[in-house]
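Quick note: to get my numbering, add 27 to the position in the sequence shown (first position is 1).
Backbone N, C-alpha and C fix where the C-beta goes; we use that ideal spot for every residue, glycine too.
So the structure is just underneath, and the comments pick up after that.
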Amino acid sequence: MDKKQKQFDKLINEWRQKCEDITIELEISQKEARHFSTELFKLKQQYEESHEQIDALRKENKNLADEIKDLIDQLGEGGKNVHDLEKARKRAELEKEELQAALEDAESTLEQEEAKVLRAQMELSTVRQEIDRRIHEK
């Protein structure tokens, strides 16, 4: 019976040791579970923040893309406007050249007409002098 008692005590000690080992393992597992739960919470929070940042960046990216499109459109319009202005400038230069040529023609014609008037005045003066001389002779 003493031998059985020793075996029984040994068996009880083994089970106690196993129970203590399992209790320690349970505490370690619970501590790890709490740690992982905390880590999971932090990761979820970081995920949400990252997701919000991604959404904000997407919105900003869309706004910048829209702004780029508007600027490109403005550049296209600006290029068109520059082209239109260049055409208008060339037309104005042509018109100026035509007006300059017309002015030169008009000035030349005016000079010719002034010369004719001057000749006519001189002839008139000569005729008057001739008439005056004839009147004085009579």
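Helix, strand or coil at residue i according to DSSP, with G and I counted as helix
| i | result |
| --- | --- |
| residue 30 | helix |
| residue 165 | coil |
Rounded C-alpha distance that separates residue i from residue j
| i | j | result |
| --- | --- | --- |
| residue 142 | residue 135 | 11 Å |
| residue 4 | residue 152 | Outside the shown range of the chain (28 to 165) lies residue 4, about which nothing can therefore be said. |
| residue 137 | residue 122 | 22 Å |
| residue 103 | residue 68 | 52 Å |
| residue 139 | residue 124 | 22 Å |
| residue 88 | residue 58 | 44 Å |
| residue 51 | residue 43 | 12 Å |
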